[in-house]
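Chemist:
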Amino acid sequence: MSSVADYALPNPVTDNRSGLIGKGVDRYEGPLKVTGSAPYAYEVTPPSPPAYGVMVPATIACGRIIAVDAKAAEASPGVAAVWTHLNAPEQAPRGTRVHPRSTAPSRPVLEDDRVRFFGQPVAFVLADTLENAQAAAHLVQLTYEEQTPDVDFHGQLAKAEQPPGEEDVEIGDFANGFAQSPAKLDETWCTPIQNHCQMEPCASIAWWDGETCVVHTSVQMVKPAQHGLAETLKIDRDAVHLMTRYIGGGFGGKGQTYDDITLAALGARFLGRPVKVAYSRQHMMHGTIHRPATVQRVRLGATKDGQLTAMSIMTTTHCQRDGHFTEHASNFARSLYAAPNRLTGHRLIHLDLPGAGPMRAPGEASGMLSLECAMDELAEALGMDPIELRIKNEPEVDPETGKPFSLRQLVRCMREGAQLFGWDRRNPRPGQARDGRWMVGMGMAAAIRGNFLLPAKASFSVDRHGVITVRQGMTDIGTGSYTVLAQIAAETLGVPLADVRVEIGDSELPPAPGSGGQFGAATAGSAALAAGMNLRKAIADLAANDPGSPLHGGPAEAVTFQDGVIAIANRSESLASLIARAAPEGLTVEGEHRPAADARNWSQHTYGAHFCEVGVDPVTGETRMRRMLGVFAAGRIINYKTARSQLTGGMIWGVASALTEGNAVDPRYGSLVNQDLASYLVPVQADIGELDAIMLDEADDKANPLGIKGVGELGISGAGAAVANAIYNAVGVRVRDYPITPDKLLGAMLAR
Amino acid sequence: MKTTITVNGAARTLDLDPRTTLLDALREHLRLTGSKKGCDHGQCGACTVLVNGLRINACLSLAVMHDGDEVTTIEGLGSPEKLHPMQQAFLTEDAFQCGYCTPGQICSAVALLGEVEAGWPSQATQDLTGKVALTDEEIRERMSGNICRCSAYPQIVAAIKRAAGALA
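Here the protein sequences come in this chain order: A and B.
Yeah, the first sequence ends on 1208 if you go by the numbering used here, and it's all consecutive.
Yeah, the second sequence ends on 203 if you go by the numbering used here, and it's all consecutive.
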């Protein structure tokens, strides 16, 4: 079992002799993506022409299907089958886990007559062409016995209950500490339901090769998708060969599979030919998970000079009637600011809505929208600069656990950001700055997001040409996994990037947890380093024991790897010549990394500071993000370019959370009102002004052997609060109900 | 219905269901899957292709309407071995992440440069009489029909400026 102390030992990545680590090299798979030649799931060429499957979504949120009339659909041209719960192929009951180590249980489709949420797939049409399948899908007649859906989140906050197994965390005596605080804030913020809106809707293509189901799908985590499908189909886990090589966005929404994969597999088995199934854009809104709405009560107590004496966030949120998900919007606050009396916790309501689940920075993305505005409000009430208030409450150790921080440069992020952004030009009195018709304001917010490491494996091969191939059941959802694995491999084996191949997204490769929770690069990369080190050892042993090698007889541990050449002092040969002569079939080794046993002795997070300038039109209430800067501390950066893209992308999500993004529930139907990209407002080019992210030069030697941390979720954390605080600075009114749309802002300005 | 479309320079005759969109004709019949289906009703721009030199959403157009037309898809602009300057600029500036909207962004960007060159004004154009300047605002306005959920928007602006310089 490794120890965190081992992480500080030098290795090829931290030595960085070739200078590849940190370099902004182009994306490994980039040439395929910019030419449209990277096949996403629905585009994979099957062994024979595919049939097309189309799902029929339920038009009620709660009830039963009492009659099915599929005659017209079945008689429609080209239709091969119409399935509902009455005639769907046999599958394992929901939740079955025959293999005890399956990472996901069965998820049968069309399992019974019950409708659990609006948009639940309730029928499925298989046809020879997409047009025929789509046309027939409209002909399926379902009669429902409808029950009134219970979807009113805000109407039943009082009924919310503590999620099972989740206790409130109280340190000190919050009630007393808050009551005795000279300065107090007690406000409530609301955040709406949000949808992931990945550009690629969920899709799968499947065919059967004998008893093996071959399936290409779009999913962030390989093993649970493979295991869940095998359990559903009641076949061996090895009888599912699942691939997910190119993924058109995930953001947490593809952390699980949906009915497309099961229907494609069942359809392909039924027809004896490949079948492909995709969600429509509209169906994505209901048919896949969403970030649930929250109501967050924030209470802050402080001394007159800004020392926090009491701090609390209590979050109420919701999940699906049969679901278990809690949006942990209060958790981040446990490590952010010092205060002796603290109370955090969550309350949950079960509703007849589609599934709630993780979306980019679950917890932080919602929670920081409240606390980071509350800090801004408190700073103003105390007559302090918001940065100084935060610095005043900077903890020396984790304020709840007392553990030391592995590395915490939040203050540096705020100070450097302030300088680069021109924070000193902000007038702390709101409503003072004008630019033509625009009221202009600046705001800032801190960012924190936990850092995680999970166990993973990888394999490394070298062939007779000296080409290194990394193989891992990892995924790349646009994060840069392909690229950082190539950089780690090239640096570890001392070969040029051009001599590295990366194969990921395949259930037959050594398993890795995949992409999520911003643990991807650290987890996959640490396993890759381990495998690379094992290959170095195998190559060194081979050379030392090969009489034909100039390195023969030398101490294997003294072999160096640089520029495709292996050497001991002045004795050298190319890696390719050694392998071609001594191991012409090549060498393959595996490696594994498991988190250090003592890693939990440190409080590990990534940090940042957001600065934003907005303009608000006082006539229309429209807010424009004019410029924004984020400064981040996230350990060693493997690839400056891809990391920056992750961070700026997250920041733009934060802008959208503040200004436009959210879905509304229609209580009549239990549906979400915004069902496409014209009504659910993700940002477009014209919404985004000048925006950049910079990263501090740091390495966290408590995090993993690479000293790296994640960046995929850090960028959104706190970003929306910086926008909201800038709006306040511009116009002098607070809207605590996100998104801050013109109607709300104008209403608040007029009411003042 | 028999339809002949010149795609990336080659005449292709297809016998199509009249309901088939241009996008599905490209993806499902011609196996040109570079054009993406992001929303299938003209709101995301992932399916953007050039028809007779102009950019359109291929999902909003029936294939049989394009008999005799010249269509250029992302595959017609360049290949991994020989990238079009706009493709190279997107790669250099990291103007994408997941890559799903990217072919549409690139086709849109190529057409944008042509529109600016031809002097077509946009909502963001200040001077309607002179030559249109390729400012950040012009690019943002003209690229707002192409959604990038990964939000590589700043990098896309940088890539288009880079490519404009390379092509000038």
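Idealized CB from N, CA, C, for every residue including glycine.
Based on Cα-Cα distance, which residue from A/S532, A/D569 and A/R557 lies nearest to A/L1217?
Modeler: Not covered by the structure: residue 1217 of chain A. The range shown for chain A is 457 to 1208.
Chemist: Run through the region 86–164 of chain B for me and flag every whole beta strand (DSSP E) of 3 or more residues, listed as ranges in chain order.
Modeler: 89–92 and 105–107
Chemist: Tell me whether A/P466 is buried or exposed, calling it buried when 16 or more other Cβ atoms sit within 10 Å of its Cβ.
Modeler: In the first sequence, counting from the first residue as 1, residue 466 of chain A sits at position 10. Exposed, because fewer than 16 other Cβ atoms sit within 10 Å of the Cβ of A/P466.
Chemist: Cα-Cα, which of A/A1175, A/V554 and A/A758 is closest to A/L1115?
Modeler: Indexing the first sequence from 1 puts residue 1115 of chain A at position 659. Considering only alpha carbons, the answer is A/A1175.
Chemist: Across which residues does DSSP place A/Q928 in a beta bridge pair?
Modeler: As a first step, residue 928 of chain A is located in the first sequence; it is residue number 472 there, counting from the start. Paired residues: A/I960.
Chemist: Which same chain residues end up closer than 6 Å to A/S917 when comparing Cβ atoms and leaving out the 5 residues on each side of it in sequence?
Modeler: Within the first sequence, residue 917 of chain A is the residue found at index 461, counting from 1. These residues qualify, in order along the chain: T925, G1042 and T1044.
Chemist: Do A/V1070 and A/T1079 have their C-beta atoms closer together than 7 Å?
Modeler: The residue given as residue 1070 of chain A occupies position 614 in the first sequence. The residue given as residue 1079 of chain A occupies position 623 in the first sequence. In this structure, A/T1079 lies closer than 7 Å to A/V1070 by Cβ.
Chemist: Check the Cβ-Cβ distances between A/S982 and every residue of chain B, and say whether any is below 7 Å.
Modeler: Translated into the one-based positions of the first sequence, residue 982 of chain A becomes position 526. Judged by the 7 Å Cβ criterion, A/S982 is not in contact with chain B.
Chemist: Show which residues of chain A have a CB atom less than 9 Å away from the CB atom of B/P138.
Modeler: Taking the first residue of the second sequence as position 1, residue 138 of chain B is located at position 103. Within chain A, the residues near B/P138 are K489, V490, T491 and G492.
Chemist: Going by beta carbon distance, what residues of the same chain come within less than 6 Å of B/Q158, once the five residues before and after it are set aside?
Modeler: Mapped onto the second sequence, residue 158 of chain B falls at position 123. Taken in chain order, the residues that qualify are E176.
Chemist: Determine the closest residue to A/L949 out of A/N1026, A/L909, A/G1009 and A/S1030, with distance taken between C-alpha atoms.
Modeler: Mapped onto the first sequence, residue 949 of chain A falls at position 493. Of the listed residues, the one whose Cα sits closest to A/L949 is A/S1030.
Chemist: Does DSSP put A/Y1063 in a helix, in a strand, or in coil?
Modeler: The residue you call residue 1063 of chain A lines up with position 607 of the first sequence. Strand, per DSSP.
Chemist: Indicate whether B/A198 and B/M100 have their beta-carbon atoms separated by less than 7 Å.
Modeler: In the second sequence, residue 198 of chain B corresponds to position 163, counting from 1. In the second sequence, residue 100 of chain B corresponds to position 65, counting from 1. No, the pair does not count as a contact, with Cβ atoms beyond the cut-off.
Chemist: Can you list, in chain order, the residues of its chain whose CB lies under 8 Å from that of A/Y1096, leaving out five sequence neighbours each side?
Modeler: For this step, residue 1096 of chain A is matched to residue 640 along the first sequence. Here the set comprises G478, K479, G480 and M1151.
Chemist: What number of angstroms, rounded off, separates the C-alpha of A/R1056 from the C-alpha of A/R777?
Modeler: Within the first sequence, numbered from 1, the residue matching residue 1056 of chain A stands at position 600. Within the first sequence, numbered from 1, the residue matching residue 777 of chain A stands at position 321. Whole-angstrom Cα-Cα distance: 34 Å.
Chemist: Which residues share a DSSP beta bridge with B/R62?
Modeler: Looking up residue 62 of chain B in the second sequence gives position 27. BP columns for B/R62 are empty, so no partner.
Chemist: Scan the region 68–85 of chain B for residues whose Cβ lies nearer than 8 Å to a Cβ of chain A and list them as they occur along the chain.
Modeler: T68, G69, S70, K71, K72, G73, C74, D75, H76, Q78, C79 and A81
Chemist: For the alpha helix (DSSP H) that A/T939 lies in, which residues bound it at each end?
Modeler: Working through the first sequence from its first residue, we reach residue 939 of chain A at position 483. Counting along the chain, the alpha helix (DSSP H) containing A/T939 begins and ends at S937 to L949.
Chemist: Enumerate in chain order the residues of its own chain whose CB-to-CB distance from A/I1196 is below 7 Å, with the five nearest sequence positions on each side excluded.
Modeler: Here residue 1196 of chain A is taken as the residue at index 740 of the first sequence, counted from 1. Counting only Cβ-Cβ distances below 7 Å, and skipping sequence neighbours, we find T1079, A1114, L1115, A1180 and I1183.
Chemist: Can you tell which of A/I995, A/L641 and A/T647 has its C-alpha closest to the C-alpha of A/G1210?
Modeler: The first residue shown for chain A is 457 and the last is 1208, placing residue 1210 of chain A beyond what the model contains.
Chemist: The alpha helix (DSSP H) spanning A/M989 covers which residue range?
Modeler: Numbered from its first residue, the first sequence carries residue 989 of chain A at position 533. Per DSSP, A/M989 belongs to the alpha helix (DSSP H) from G976 to N1001.
Chemist: Can you tell me whether DSSP reads A/S1127 as helix, strand or coil?
Modeler: In the first sequence, counting from the first residue as 1, residue 1127 of chain A sits at position 671. Correct three-state label for A/S1127: strand.
Chemist: Kindly indicate which residue of A/P657, A/R927 and A/L764 has the alpha-carbon position closest to the one of A/P966.
Modeler: As a first step, residue 966 of chain A is located in the first sequence; it is residue number 510 there, counting from the start. Of A/P657, A/R927 and A/L764, the residue nearest in Cα terms is A/R927.
Chemist: Is the distance from the Cβ of A/T771 to the Cβ of A/T750 below 7 Å?
Modeler: Start at 1 with the first residue of the first sequence, and residue 771 of chain A comes out as number 315. Start at 1 with the first residue of the first sequence, and residue 750 of chain A comes out as number 294. For A/T771 and A/T750, yes; Cβs fall inside 7 Å.
Chemist: Do you know how far the Cα of A/S532 is from the Cα of A/Q618?
Modeler: What you label residue 618 of chain A is simply residue 162 of the first sequence in a count that begins at 1. What you label residue 532 of chain A is simply residue 76 of the first sequence in a count that begins at 1. Near 51 Å, if we compare the C-alpha coordinates of A/S532 and A/Q618.
Chemist: For A/P657 versus A/M740, is the C-beta spacing smaller than 7 Å?
Modeler: Position 201 of the first sequence, counting from 1, holds the residue named residue 657 of chain A. Position 284 of the first sequence, counting from 1, holds the residue named residue 740 of chain A. Cβ distance < 7 Å, so A/P657 and A/M740 count as in contact.
Chemist: Whole angstroms are fine: how far does the CA of A/W1058 sit from the CA of A/C653?
Modeler: Mapped onto the first sequence, residue 653 of chain A falls at position 197. Mapped onto the first sequence, residue 1058 of chain A falls at position 602. The alpha-carbon atoms of A/C653 and A/W1058 are separated by roughly 36 Å.
Chemist: Can you name the residues of chain B whose CB is closer than 9 Å to the CB of A/R737?
Modeler: Stepping through the first sequence from its first residue, residue 737 of chain A is reached at position 281. Ordered by position in chain B, the residues that pass the 9 Å Cβ test against A/R737 are K72, G73, C74, D75, H76, Q78 and C79.
Chemist: Contact check, A/L876 vs A/L727 under 8 Å by CB: the rounded distance?
Modeler: Counted from its first residue, the first sequence places residue 876 of chain A at position 420. Counted from its first residue, the first sequence places residue 727 of chain A at position 271. Incorrect: roughly 60 Å between the Cβ atoms, too far for contact.
Chemist: Which bits of chain B does A/L1147 rub up against, with CB to CB less than 7 Å?
Modeler: Within the first sequence, the letter at position 691 stands for residue 1147 of chain A. From the beta-carbon of A/L1147, the residues of chain B found nearer than 7 Å are P189.
Chemist: Just the Cα atoms here: how many angstroms apart are B/K72 and A/G534?
Modeler: Position 37 of the second sequence holds residue 72 of chain B. Position 78 of the first sequence holds residue 534 of chain A. Their backbone Cα atoms lie some 23 Å apart in a straight line.
Chemist: State the Cα-Cα distance for the pair A/L1103 and A/G1110, rounded to the nearest angstrom.
Modeler: Within the first sequence, the letter at position 647 stands for residue 1103 of chain A. Within the first sequence, the letter at position 654 stands for residue 1110 of chain A. Rounded to the nearest angstrom, the gap between the Cα atoms of A/L1103 and A/G1110 is 11 Å.
Chemist: Look up A/K913 in the DSSP assignment and give the residues it is bridged to.
Modeler: Along the first sequence, one-based indexing puts residue 913 of chain A at 457. A/K913 pairs with A/E1048.
Chemist: Using a Cβ-based criterion (distance less than 6 Å to any ligand heavy atom), does A/A795 qualify as near the ligand HEM?
Modeler: In the structure on display, the ligand HEM does not appear, and there are no ligands present to speak of.
Chemist: Would DSSP call A/A758 helix, strand or coil?
Modeler: Here residue 758 of chain A refers to the residue found at position 302 of the first sequence. Residue state for A/A758 is assigned as strand, using DSSP reduced to three classes.
Chemist: Determine the direct distance from the alpha carbon of B/V86 to that of B/T41, and round the result to whole angstroms.
Modeler: For the purposes of this step, residue 41 of chain B is identified with residue 6 of the second sequence, where counting begins at 1. For the purposes of this step, residue 86 of chain B is identified with residue 51 of the second sequence, where counting begins at 1. When rounded, the distance between both Cα atoms is 10 Å.
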